[in-house]
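There are 2 protein chains.
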Amino acid sequence: MAKYEQIADALRAGIRAGRLLPGERLPAEDKLAVRYRTSVPTLQRALSELVAEGLIDKRHGVGTFVRTPRRRIERNNDRHQWEKDRVRRPKAERLRTGSTEHDTGLEVTDLAFHAEYRDATADEDLASVFGIPVGTRLLERIYRTNCRAEDAPFALVHSYLVHDVVAANPDLLDAANEPWPGGTQNQLYTIGIELDRVTERITARPPTVEEADRLGLKKGVSVILLRKICTDTGGRVVEVSDVTLAADRTELVYTTPLKRW
Amino acid sequence: MAKYEQIADALRAGIRAGRLLPGERLPAEDKLAVRYRTSVPTLQRALSELVAEGLIDKRHGVGTFVRTPRRRIERNNDRHQWEKDRVRRPKAERLRTGSTEHDTGLEVTDLAFHAEYRDATADEDLASVFGIPVGTRLLERIYRTNCRAEDAPFALVHSYLVHDVVAANPDLLDAANEPWPGGTQNQLYTIGIELDRVTERITARPPTVEEADRLGLKKGVSVILLRKICTDTGGRVVEVSDVTLAADRTELVYTTPLKRW
DNA sequence: GAGTGGTCTAGACCACTGT
DNA sequence: CAGTGGTCTAGACCACTCC
Chain Y
1 MAKYEQIADA LRAGIRAGRL LPGERLPAED KLAVRYRTSV PTLQRALSEL VAEGLIDKRH
61 GVGTFVRTPR RRIERNNDRH QWEKDRVRRP KAERLRTGST EHDTGLEVTD LAFHAEYRDA
121 TADEDLASVF GIPVGTRLLE RIYRTNCRAE DAPFALVHSY LVHDVVAANP DLLDAANEPW
181 PGGTQNQLYT IGIELDRVTE RITARPPTVE EADRLGLKKG VSVILLRKIC TDTGGRVVEV
241 SDVTLAADRT ELVYTTPLKR W
Chain Z
1 MAKYEQIADA LRAGIRAGRL LPGERLPAED KLAVRYRTSV PTLQRALSEL VAEGLIDKRH
61 GVGTFVRTPR RRIERNNDRH QWEKDRVRRP KAERLRTGST EHDTGLEVTD LAFHAEYRDA
121 TADEDLASVF GIPVGTRLLE RIYRTNCRAE DAPFALVHSY LVHDVVAANP DLLDAANEPW
181 PGGTQNQLYT IGIELDRVTE RITARPPTVE EADRLGLKKG VSVILLRKIC TDTGGRVVEV
241 SDVTLAADRT ELVYTTPLKR W
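Listed in order, the protein sequences are those of chains Y and Z. Take the first sequence: its position 113, counting from 1, is numbered 113 in UniProt numbering, and each next residue is one higher. Take the second sequence: its position 52, counting from 1, is numbered 52 in UniProt numbering, and each next residue is one higher.
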């Protein structure tokens with residue numbers, strides 16, 4: 001086995017066994033290099049393995065630390081029914097909370113919100129999900145949700161609607177109306193659409209550089225990709241959202257009820 | 001910006017723009033080092049960034065290649081109802097398929113299966129999920145599911161049952177009875193347990209070395225961690241499963257039906 | 001054996017952080 | 001300013017794959 005792997009193993013074992021505690025600082029690289037009788041670049045290679053695994057963080061000019069696990073925010077699938085129930089409530093009530101607060105238990109005032117609307121056209125992928133021709137005009141909405149206490153958003157959302165469908169209510173075409181009290185389901189309600197079901201497709205991978213940047217991800221953190229597909233009571237796909245989530249801050253929860261015997 | 005980052009950016013841009021196609025081989029490292037007027041270690045550093053992002057694969061003695069995306073297997077949450085419906089079917093029918101086939105569209109004969117039973121005790125985590133005292137005796141069952149055509153399993157499963165509950169049917173304590181026709185829900189049925197709902201908690205992270213090893217993961221592939229919690233009609237948690245999935249081969253699909261207005 | 005990536009060195013110099 | 005990590009070099013030698 002390579003020397004850098006042996007060193008990585010030794011340090012990893014120390015972390016797992018609790019000999020190195022979360023938040024604890026490791027000795028400086030040159031000290032570790034001496035201890036393990038190797039050169040600094042080789043020792044750095046060992047550390048970079050642990051960084052990629054998400055076990056340690058390096059802070060330039062400061063030191064290397066055992067990573068502290070982050071608190072995860074739950075995103076529960078009962079949010080969809082909750083959102084639907086809320087759609088026909090009085091506006092004052094809808095104003096009070098959004099579904100992010102429902103999920104996170106945070107207050108409205110803890111959250112910052114940003115929305116941007118764009119004209120787009122359906123590529124092959126979106127066209128097949130919506131069941132529309134490639135090139136169909138879409139409304140693309142880009143959201144970010146921030147926790148005010150934190151620097152980085154915990155979700156990046158690209159939501160797509162068929163432009164000609166939502167144009168029935170011009171208010172829906174204007175980003176200035178965001179955040180819309182009651183969310184997307186309420187927006188759809190204003191044009192007579194009722195949702196029948198929400199399908200979510202989930203996968204994960206390492207972040208791209210852009211994602212790492214925008215979500216403020218350290219090395220060794222994955223992203224969860226969630227595609228949410230909303231189907232109305234007529235069986236038509238009315239909204240598709242691509243959500244990028246920081247995996248170290250998110251836990252998705254799905255409850256599947258079963259019919260009784 | 002660091003030189004290795006510039007080189008990584010240039011190569012990444014080439015891959016994204018399709019100038020470098022999936023499966024295509026990159027020039028040798030020494031050639032690339034010359035092209036980018038840098039040393040081999042620096043060029044390697046650039047490549048290692050792309051490896052960590054899952055964009056390229058290095059094959060020792062062969063070359064460096066643009067990674068080809070893998071086909072993902074869907075794991076749909078209707079599997080739970082499907083499994084429940086099957087529980088009370090005749091054994092001959094239950095024998096024919098398992099839920100993995102239901103998900104993947106593969107035949108029984110394409111799948112290899114391994115199960116191992118162990119005695120275990122509830123740690124704090126499991127105890128709180130089951131709602132039992134720490135130290136309670138559990139039956140731990142370890143499964144792997146392989147596609148015969150492939151070398152590596154696509155799922156590692158650790159399933160936990162309360163020992164004294166399942167001991168009512170001694171057949172359930174013996175790994176030799178695996179694979180059990182009709183799966184866990186049928187096993188529970190033999191001791192009078194009917195499931196009411198299945199809750200799944202999902203997150204993701206880079207694999208540990210052991211996980212990468214057992215799932216045959218290349219660098220730059222994440223794992224999805226899924227904890228499945230089965231609750232019976234009495235509101236008691238009867239099974240907890242921790243599933244580790246290769247994120248490049250898996251897509252989880254959840255459909256949440258909504259009540260009509 | 002030719003060509004590829006894998007590992008390692010010893011040292012230089014830079015950039016950042018906190019005192 | 002001292003101490004930390006970040007980058008880069010030029011080259012050596014090893015290990016693997018394929019012809």
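Idealized CB from N, CA, C, for every residue including glycine.
Proximity of residue i and residue j at Cβ, strictly below 8 Å
{"i": "Ala-52/Y", "j": "Lys-219/Y", "result": "yes"}
{"i": "Tyr-143/Y", "j": "His-114/Y", "result": "yes"}
{"i": "residue 271/Z", "j": "Val-253/Z", "result": "The structure shown has nothing for residue 271/Z, since chain Z only spans 1 to 261."}
{"i": "Ala-155/Z", "j": "Gly-135/Z", "result": "no"}
{"i": "Ala-212/Y", "j": "Arg-205/Z", "result": "no"}
{"i": "Leu-226/Z", "j": "Glu-200/Z", "result": "yes"}
{"i": "Leu-258/Z", "j": "His-158/Y", "result": "no"}
{"i": "Val-66/Y", "j": "Ile-7/Y", "result": "no"}
{"i": "Arg-75/Z", "j": "Thr-255/Y", "result": "no"}
{"i": "Arg-214/Z", "j": "Ile-73/Z", "result": "no"}
{"i": "Ile-191/Z", "j": "Asn-169/Z", "result": "yes"}
{"i": "Gly-54/Y", "j": "Val-221/Y", "result": "yes"}
{"i": "Gly-23/Y", "j": "Thr-68/Y", "result": "yes"}
{"i": "Gly-183/Y", "j": "Glu-83/Y", "result": "yes"}
Proximity winner among the options, relative to residue i (alpha-carbon distances)
{"i": "Ile-193/Z", "options": "Ala-167/Z, Tyr-254/Z and Leu-215/Z", "result": "Ala-167/Z"}
{"i": "Leu-126/Y", "options": "Gln-6/Y, Ala-246/Y, Ser-241/Y and Lys-259/Y", "result": "Ser-241/Y"}
{"i": "residue 264/Y", "options": "Lys-84/Y, Glu-74/Y and Leu-26/Y", "result": "Because residue 264/Y is not part of the residues shown, which for chain Y are 1 to 261, the question remains open."}
{"i": "Ala-33/Y", "options": "Glu-200/Y, Glu-24/Y and Leu-11/Y", "result": "Leu-11/Y"}
{"i": "Leu-186/Z", "options": "Leu-95/Z, His-158/Z, Leu-21/Z and Val-40/Z", "result": "Looking at the sequence shown, residue 186/Z is not Leu but Asn. Closest option to Asn-186/Z, Cα to Cα, is Leu-95/Z."}
{"i": "Asp-174/Y", "options": "Thr-68/Y, Glu-140/Y, Pro-90/Y and Ala-17/Y", "result": "Glu-140/Y"}
{"i": "Gly-235/Z", "options": "Phe-130/Z, Asp-123/Z and Thr-121/Z", "result": "Phe-130/Z"}
{"i": "Gly-98/Z", "options": "Asp-164/Z, Pro-181/Z and Arg-16/Z", "result": "Pro-181/Z"}
{"i": "Gln-44/Y", "options": "Asp-30/Y, Leu-55/Y and Thr-231/Y", "result": "Asp-30/Y"}
{"i": "Thr-203/Y", "options": "Ser-48/Y, Thr-244/Y, Pro-90/Y and Arg-35/Y", "result": "Thr-244/Y"}
{"i": "Thr-231/Y", "options": "Ala-28/Y, Gly-61/Y, Leu-20/Y and Val-162/Y", "result": "Val-162/Y"}
{"i": "Thr-233/Z", "options": "Val-221/Y, Trp-261/Y, Pro-90/Y and Glu-239/Y", "result": "Trp-261/Y"}
{"i": "residue 269/Z", "options": "Lys-3/Z, Arg-71/Z and Asp-57/Z", "result": "The first residue shown for chain Z is 1 and the last is 261, placing residue 269/Z beyond what the model contains."}
{"i": "Val-118/Z", "options": "Gly-183/Z, Leu-172/Z, Asp-85/Z and Lys-228/Z", "result": "The sequence shown places Arg at residue 118/Z, rather than the Val named in the question. Nearest C-alpha to Arg-118/Z: Leu-172/Z."}
{"i": "Arg-88/Z", "options": "Val-238/Z, Lys-228/Z, Tyr-189/Z and Glu-239/Z", "result": "Tyr-189/Z"}
{"i": "Arg-137/Z", "options": "Ser-39/Z, Val-165/Z, Arg-71/Z and Lys-228/Z", "result": "Val-165/Z"}
{"i": "Glu-239/Z", "options": "Ser-48/Z, Thr-208/Z and Leu-195/Z", "result": "Leu-195/Z"}
{"i": "His-102/Y", "options": "Glu-116/Y, Arg-86/Y, Pro-90/Y and Ala-92/Y", "result": "Arg-86/Y"}
{"i": "Gly-61/Y", "options": "Ala-28/Y, Ile-132/Y and Thr-38/Y", "result": "Ala-28/Y"}
{"i": "Leu-20/Y", "options": "Arg-70/Y, Ile-56/Y, Ala-92/Y and Ser-128/Y", "result": "Ile-56/Y"}
{"i": "Pro-207/Z", "options": "Leu-50/Y, Thr-38/Y, Ser-39/Y and Ala-46/Y", "result": "Leu-50/Y"}
{"i": "Ser-128/Z", "options": "Leu-47/Z, Pro-179/Z, Tyr-36/Z and Ile-229/Z", "result": "Ile-229/Z"}
{"i": "residue 267/Z", "options": "Ile-132/Z, Pro-153/Z and Glu-251/Z", "result": "The structure shown does not extend to residue 267/Z, since chain Z is modelled only from 1 through 261, so no value can be given for it."}
{"i": "Glu-251/Y", "options": "Arg-70/Y, Leu-47/Y, Tyr-36/Y and Arg-35/Y", "result": "Arg-70/Y"}
{"i": "Tyr-36/Z", "options": "Glu-5/Z, Ala-92/Z and Glu-116/Z", "result": "Glu-5/Z"}
{"i": "Pro-179/Y", "options": "Lys-91/Y, Ala-13/Y and Met-1/Y", "result": "Lys-91/Y"}
{"i": "residue 262/Z", "options": "Leu-47/Z, Glu-124/Z and Lys-58/Z", "result": "Because residue 262/Z is not part of the residues shown, which for chain Z are 1 to 261, the question remains open."}
- Which runs of the beta strand (DSSP E), 3 residues or longer, sit entirely within the UniProt domain "HTH gntR-type" (1-69) of chain Z? Whole beta strand (DSSP E) segments, 3+ residues: 56-59 and 63-66.
- Name the residues in the region 198-216 of chain Z whose C-beta lies less than 9 Å from a C-beta of chain Y; which are they? Hits within the stretch, in order: Val-198, Thr-199, Glu-200, Arg-201, Ile-202, Thr-203, Ala-204, Arg-205, Pro-206, Pro-207, Thr-208 and Val-209.
- Would you mind listing the alpha helix (DSSP H) stretches within the region 167-247 of chain Y that are 4+ residues and don't spill past its ends, in chain order? 183-189 and 209-215, all fully within the region 167-247 of chain Y.
- Message: Beta carbons nearer than 7 Å to chain Y: which residues of the region 174-189 of chain Z have them?
- Response: Listed by position, the residues of the region 174-189 of chain Z near chain Y (Cβ gap below 7 Å) amount to none.
- Message: For the region 218-232 of chain Y, list every residue whose C-beta sits within 7 Å of some C-beta in chain Z, in sequence order.
- Response: Per Cβ criterion, the list reads Gly-220, Ser-222 and Ile-224.
- Task: Ignoring anything shorter than 4 residues or poking outside the region 111-142 of chain Y, list the alpha helix (DSSP H) runs there in chain order.
- Result: The region 111-142 of chain Y is shown to contain whole alpha helix (DSSP H) runs of 4 or more residues at 124-130, in chain order.
- Task: Give the residues from the region 53-86 of chain Z that approach chain Y closer than 7 Å (Cβ to any Cβ), ordered along the chain.
- Result: Cβ contacts with chain Y come from Glu-53, Gly-54, Arg-72, Asn-77, His-80, Gln-81 and Lys-84.
- Proximal residues, the region 2-35 of chain Z versus chain Y, C-beta separation under 7 Å: The residues in question: there are none.
- Task: Using a Cβ-Cβ cut-off of less than 9 Å, list which residues of the region 250-261 of chain Y approach chain Z; keep chain order.
- Result: Residues of the region 250-261 of chain Y whose Cβ lies closer than 9 Å to any Cβ of chain Z, in chain order: Thr-250, Glu-251, Leu-252, Val-253, Tyr-254, Thr-255, Thr-256, Pro-257, Leu-258, Lys-259, Arg-260 and Trp-261.
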